[in-house]
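Only one structure is covered here, and it is reproduced in the block below.
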Amino acid sequence: MQRSDKRIAITGGSGRVGTALRNALSDKVASIKIVDIVEPGELGPRETWDRVNIADGNELTRSLVGVDAVVHLAGYPNERSIEDILSVNVLGTHNVLEAARQNGIERVVFGSSNHAVGFYPRQTRISDTDPMRPDSLYGLSKCWGELEAGLYFDKFGIRTLNIRIGNAGDRPSDARALNMWVSARDLAQLVLIGLEHPDITCTTVFGVSRVPSSWWNNDTATSLGYAPTDTAEAAAGPETQRERPSPLPQIAEFFQGGRFCVIDHDGKIRQRLP
Ligand SMILES: NC(=O)c1ccc[n+]([C@@H]2O[C@H](COP(=O)([O-])OP(=O)(O)OC[C@H]3O[C@@H](n4cnc5c(N)ncnc54)[C@H](O)[C@@H]3O)[C@@H](O)[C@H]2O)c1
C-alpha cells in the first residue's frame, strides 16, 4: 500500500470508521489530528485530539491550521431530523471545505455513503457517473457534500475524493452488506489514493472490498490504482446470511439502500424513467 507524507486531520476520528481507519493508516501518514466532540480511545504515537464541533466553522478553521489534508467522517451516520442533518452533516461539511480553503489545504477525502444512491434497485448495476438517488435525508446530505466538493474544486482547486462507503465494519453486518462491505485496510488504500493521486479533481468512487456480486461498477477506483485485498465472503459471520427484519421487506429488499428506503415509505415501488 502506498504512503503519504501528509499531516492529516480526521474529523469523526473517534467513531467506528475513524478508529479503524486510524489503525490502518497509523504508519502510512506523517501524523493524524483527530477532530471530534468525543474523546478517542488511546492515542497512537503520532496522533493528537482536538475537541471540536464541526458545526462551528471558526473553531474548525482554527483546528485545521498546520494540516495538509482532511479526511472528513464526522456527522450523523444514519437518518435524523432535517434540523440535525442540516446543522451537522450539511453545515459541518461546508465548514470542512471552507476551513480547507481558508487554511490553504488542497486535499479532502469525504466519507460519503452508498445512501447517496440508495434508491437504485438492486438489479441495476450503477457507476459513479449515474445520477445521485438518495434514499433518506442522510443520503441527501452526502449528495450535498459531493456536490459542494465539486464547487470547491471548480472555484478554488481543492481536490476531493468522495468515497461512497458501503458497509464498514469488522464483518458484513447482514446479507445486504455482502454486496458492499469494505475492510479498514481497503478503505485506507482508497484514502491514500485520495491524499496523493495526481488525477483526483472532484472524484467519486465506491468504498467496497472484493465482493462476489457488487451492485457497483468501480472502474474509476480501479483506474486510480485501487486493488482491494479483502473479500466480503471471507469476512462473513453467521449474521451475514440474514436480511435485517424490516416493516416493508418488499421495499427494503428491492432497493440498494435497504432499511433506509423504508423510513416513511408508503410501500409502493415506483420506477423512474431512465
Ligand atoms: N459505518 C458505515 O458502514 C458507513 C457507511 C457509509 C458511510 N459512513 C460514513 O462514515 C462516517 C463515519 O461513520 P461511523 O459509522 O464511524 O459513525 P460514528 O457515529 O461511529 O462516527 C461519527 C463520529 O463523528 C463524530 N461527530 C458527530 N457529530 C460531530 C460534530 N458535530 N462535531 C465533531 N464530531 C462529530 C462522533 O463523535 C463520532 O466519533 C460518517 O460520515 C458516515 O456517514 C459510514
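So for the sequence shown, the numbering used here puts the first residue at 1287; every next one is plus one. Note that CB positions come from ideal geometry on N, CA and C, so glycine has one too.
Item, Value
"Does the contact criterion of 3 or more C-beta pairs under 8 Å hold for the stretch 1482-1494 versus the stretch 1319-1328?", "no"
"Identify which residue in R1387, I1555, P1417 has its Cα closest to the Cα of D1440.", "R1387"
"Following the continuous beta strand (DSSP E) through E1333, name the residue where it begins and the one where it ends.", "1333-1337"
"Measuring from the CB of R1302, is there a heavy atom of ligand 1 at a distance below 8 Å?", "yes"
"In chain order, which alpha helix (DSSP H) runs of at least 4 residues are fully inside the stretch 1492-1529?", "1505-1509, 1518-1521"
"CB D1232 to CB S1469, shorter than 9 Å?", "Within the shown structure, residues of the chain are numbered from 1287 to 1560, placing residue 1232 beyond reach of any answer."
"Skipping 5 residues on each side, what residues in its chain have a beta carbon closer than 8 Å to that of D1370?", "Y1362"
"How big is the Cα-Cα spacing for S1509 and G1436?", "20 Å"
"Would you check if the distance between the CB atom of G1511 and the CB atom of H1551 is smaller than 9 Å?", "no"
"Which residues in the same chain have their Cβ closer than 6 Å to the Cβ of W1335, if we skip the five residues on either side of it in sequence?", "I1320, P1326"
"Taking 8 Å as the cut-off, is the C-beta of H1551 nearer than that to any heavy atom in ligand 1?", "no"
"May I ask which residues mark the beginning and end of the beta strand (DSSP E) holding A1341?", "A1341 -> no beta strand (DSSP E), and no H or E assigned at all."
"Measuring only the C-alpha atoms, how far is T1490 from G1553?", "31 Å"
"Return the bridge partner residues of G1397 from the DSSP annotation.", "I1449"
"For R1450 and P1498, I'd like the C-alpha separation in whole angstroms.", "18 Å"
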